[in-house]
Amino acid sequence: LRDERGRMERLSLVGQMAASITHEIRNPMAVIRGFVQLIQERSPQSQFEYFRIIMEELDRANLIISDFLSLAQNRELKMERANLHHTINDLVPLISADANLRGQTLEIVLCEDMPDMLLNDREMKQLLLNLARNGMEAMGDKGVLRIHTAWTAEEVSIQIADEGVGIPQDKLDHLFEPFYTTKTRGTGLGLPLCLSIAERHNGRIEIHTREGEGTTFVVSFDIREGSGGHAN
Ligand code: ADP
Ligand code: MG
327 LRDERGRMER
337 LSLVGQMAAS
347 ITHEIRNPMA
357 VIRGFVQLIQ
367 ERSPQSQFEY
377 FRIIMEELDR
387 ANLIISDFLS
397 LAQNRELKME
407 RANLHHTIND
417 LVPLISADAN
427 LRGQTLEIVL
437 CEDMPDMLLN
447 DREMKQLLLN
457 LARNGMEAMG
467 DKGVLRIHTA
477 WTAEEVSIQI
487 ADEGVGIPQD
497 KLDHLFEPFY
507 TTKTRGTGLG
517 LPLCLSIAER
527 HNGRIEIHTR
537 EGEGTTFVVS
547 FDIREGSGGH
557 AN
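Be aware that the sequence shown starts at 327, since it is given in the UniProt record's numbering, and climbs by one per residue.
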């Protein structure tokens with residue numbers, strides 16, 4: 327028991343440190359971004375591109391910091407009774423714009439009468455967006471990303487299927503390790519974050535994959551009365 331308490335205390339210390347460090351780093355970054363933007367507006371066309379890249383990289387660093395912070399803090403989520411379909415519908419314009427830019431297609435099939443569940447909308451969006459982005463990034467300049475939902479009395483589930491490269495067996499074991507990435511511009515924080523969010527919603531993540539054909543991520547949430555996902 328004492329070990330467990332020590333572990334929790336260390337965890338919360340890490341969370342607090344992460345919060346204050348990210349805050350301290352983000353402030354100067356925001357200032358830098360503001361000035362870069364000012365200089366960009368006054369700079370000759372030939373330099374415009376450089377400033378655009380600088381700002382893109384600042385935004386990227388900011389994103390890594392946000393993901394890392396969510397992961398390190400692992401804080402208690404404020405849950406509300408809501409419908410997963412609302413969360414998905416909110417995201418559709420964003421995902422489909424992204425897919426269109428890549429020359430890909432988004433296909434959404436939502437089941438009927440999806441029951442409500444306890445969820446944190448912001449985190450749930452983060453989970454779905456990360457899985458959708460991974461799916462799109464696994465496909466070339468065409469391909470279909472399919473999002474399906476289903477439910478039973480016990481579970482609500484969402485499937486995100488891509489027609490991408492698939493995941494070789496030896497990589498499957500590492501997907502949820504923080505900072506594991508096979509992308510030159512990846513952070514390796516997406517899936518660990520997805521897993522942590524799923525777990526805090528009483529969910530689990532299954533992966534079905536075939537090399538060269540595609541990958542399906544299935545996230546299932548336990549919605550039974552008395553399960554954490556339904557408790558007060
Ligand atoms: P990142 O996307 O920044 O690389 P993630 O944690 O989101 O980090 O994913 C880790 C790795 O898992 C990816 O680099 C990729 O190799 C693999 N991966 C995740 N989703 C898919 C997918 N849908 N298809 C193929 N590989 C995937
Ligand atoms: Mg990712």
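Glycine included, C-beta positions come from ideal geometry on N, C-alpha and C.
Status (buried if at least 16 other CB within 10 Å, exposed otherwise) for residue i
i      : result
Ala557 : Residue placement at Ala557 cannot be trusted, given a pLDDT of 40 that sits under 50; the coordinates are not used to answer.
Ala423 : exposed
Asp488 : buried
Asp416 : exposed
Gln371 : exposed
Phe361 : exposed
Arg526 : buried
Ile523 : buried
Leu498 : exposed
Pro518 : buried
Asn426 : exposed
Thr508 : exposed
Leu453 : buried
Glu449 : buried
Leu364 : exposed
Gly529 : buried
Residue i CB to nearest heavy atom of the ligand MG below 7 Å
i           : result
residue 560 : The chain is shown from 327 up to 558; residue 560 falls before or after that span and cannot be answered.
Gly516      : yes
Asn456      : yes
Gly492      : no
Gly540      : no
Gly332      : no
Closer than 7 Å: residue i CB and nearest the ligand ADP heavy atom
i      : result
Lys509 : yes
Val471 : Sequence inspection shows Leu at residue 471; the Val mentioned does not correspond to that position. Flag unset: Cβ of Leu471 not near the ligand ADP.
Tyr376 : no
Leu521 : no
Leu444 : no
Selected residue, minimal CA-CA separation from residue i, among the options
i      : options                        : result
Ile414 : Val357, Phe361, Arg359, Arg472 : Arg472
Ile358 : Ala479, Ile380, Asp447         : Ile380
Asp442 : Asp548, Ile365, Thr513         : Asp548
Thr513 : Asp496, Asn388, Gln363         : Asn388
Glu463 : Gly552, Met355, Gly516, Arg331 : Gly516
Contacts around residue i, its chain only, beta-carbon distance under 8 Å, and the 5 residues preceding and following it disregarded
i           : result
Val340      : Ala398
Leu420      : Leu455
residue 560 : Any answer about residue 560 is impossible in this case: the structure gives the chain only from 327 up to 558.
His500      : Tyr506
Gly461      : Leu471, Ile486, Ala487, Asp488, Gly490, Thr541, Phe543
Cβ neighbours of residue i in the same chain (closer than 7 Å, five flanking residues each side left out)
i      : result
Ile391 : Thr348, Ile351, Arg352
Lys468 : Gly429, Gln430
Asn446 : Leu403, Lys404, Met405
Residues near residue i in its chain [Cβ-Cβ closer than 6 Å; skip 5 each side]
i      : result
Ala476 : Cys437, Ser483
Glu335 : none
Query raised in the report: Unbroken beta strand (DSSP E) runs of length 3 or more, entirely within the region 460-491: which are they?
Result: 470-477, 481-488
Requested in this report: Identify every run of the alpha helix (DSSP H) within the region 328-389, keeping only runs that are complete inside it and at least 4 residues long; order them along the chain.
Outcome: 328-368
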